[in-house]
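Number 1063 in this note's numbering belongs to position 180 of the sequence shown; there are no gaps in the numbering. Note that CB positions come from ideal geometry on N, CA and C, so glycine has one too. Here's the structure we're looking at; comments come further down.
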Amino acid sequence: MKLQGEYVFDGPREVVWEVIRDPDVLAKALPGMKSLDKVADNVYVGEMNVRIGPVAGTFSGKLTVSNEVPPESYSLTVEGKGGPGFGKGTGDVKLIDQGGKTLMQYEGELLVGGTIANVGQRLIETVANSMAKQAFESINRSLQARLSGQAESGEPVAFQAPSQMEFAAGVAKDLASQMLSPEYKNFWVSLAAVLVALILGYALGRSSRD
884 MKLQGEYVFD GPREVVWEVI RDPDVLAKAL PGMKSLDKVA DNVYVGEMNV RIGPVAGTFS
944 GKLTVSNEVP PESYSLTVEG KGGPGFGKGT GDVKLIDQGG KTLMQYEGEL LVGGTIANVG
1004 QRLIETVANS MAKQAFESIN RSLQARLSGQ AESGEPVAFQ APSQMEFAAG VAKDLASQML
1064 SPEYKNFWVS LAAVLVALIL GYALGRSSRD
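Structural data, given as structure tokens:
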């Protein structure tokens, strides 16, 4: 499964590099992240609660960063496993200076197995992309808090991470957008026709009995 995308951070590339390599920021970026600890240079271990459709559980994993070219690019490898199954992947991240802003471009390959794979590739892709988007938005808020704090006092300030409810609402919104895309239009039209037929049938049945 291939994942790719981009996001524009509202800050200079050097500061963005610092923020996205801060384990405390990353641990707060996604609700469900129980822990993220640095155990060696560029090696992190953590636990995260994940829900994809009807499948939910806790994953333990390791993240390894390699091929660093500060503050331009790096590669990463992720391995995780838990009750719902396992996942492993590789990816590359690039940071492009845009004059006070920073464009992040990322792409990678993800392999999942076990129960979690049964929910379907499209659903997994949609949830994964939604999680990435919300993580970047949270990191961008942390970036703004850091820049604001440094400007006023020379020290970074805390930021408010999204709640579990806010995160779930964001995933639901992205899922709804996916399901309302043109490729699903005929499905929803057919479903609506079936529902209308059922309602009319129920109404006619009651009318004949009356």
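DSSP state of residue i mapped onto helix, strand, coil
| i | result |
| --- | --- |
| G888 | strand |
| K984 | coil |
| G974 | strand |
| E951 | strand |
| G1032 | helix |
| L1006 | helix |
| L994 | strand |
| L959 | strand |
| L946 | strand |
Burial state of residue i, where buried means 16 or more other Cβ atoms lie within 10 Å
| i | result |
| --- | --- |
| S1021 | buried |
| Q887 | exposed |
| L953 | Here residue 953 turns out to be Pro, not Leu, going by the sequence shown. Classification of P953: exposed, given that the 10 Å Cβ count is below 16. |
| N950 | exposed |
| Q1148 | The question about residue 1148 has no answer, for the chain in this structure spans 884 to 1093. |
| L1026 | buried |
| A923 | exposed |
| Q1004 | exposed |
| K911 | buried |
| V891 | exposed |
| N1023 | buried |
| L909 | buried |
| S1013 | buried |
| L913 | buried |
| L978 | buried |
Delimiting residues of the beta strand (DSSP E) encompassing residue i
| i | result |
| --- | --- |
| D920 | 916-923 |
| E901 | Careful: E901 lies outside any beta strand (DSSP E), inside the alpha helix (DSSP H) at 896-903. |
Rounded distance between the beta-carbons of residue j and residue i, thought under 8 angstroms
| i | j | result |
| --- | --- | --- |
| T973 | G996 | Not confirmed; about 16 angstroms, so no contact. |
| G966 | G940 | 4 angstroms |
| D920 | V928 | 6 angstroms |
| P895 | G983 | 6 angstroms |
| Q883 | E889 | With the chain running from 884 to 1093 in the structure shown, residue 883 is simply not present. |
| E1008 | M884 | 6 angstroms |
| E955 | F942 | The pair is not a contact, with the Cβ atoms about 30 angstroms apart (cut-off 8 angstroms). |
Bounding residues of the alpha helix (DSSP H) (the contiguous stretch that carries residue i)
| i | result |
| --- | --- |
| P967 | Run containing P967: none; DSSP gives neither H nor E here. |
| L909 | 906-912 |
Distance cut-off 7 angstroms: residue i Cβ against heavy atoms of the ligand MG
| i | result |
| --- | --- |
| R1024 | Ligands in the displayed structure: none, and consequently the ligand MG is not present. |
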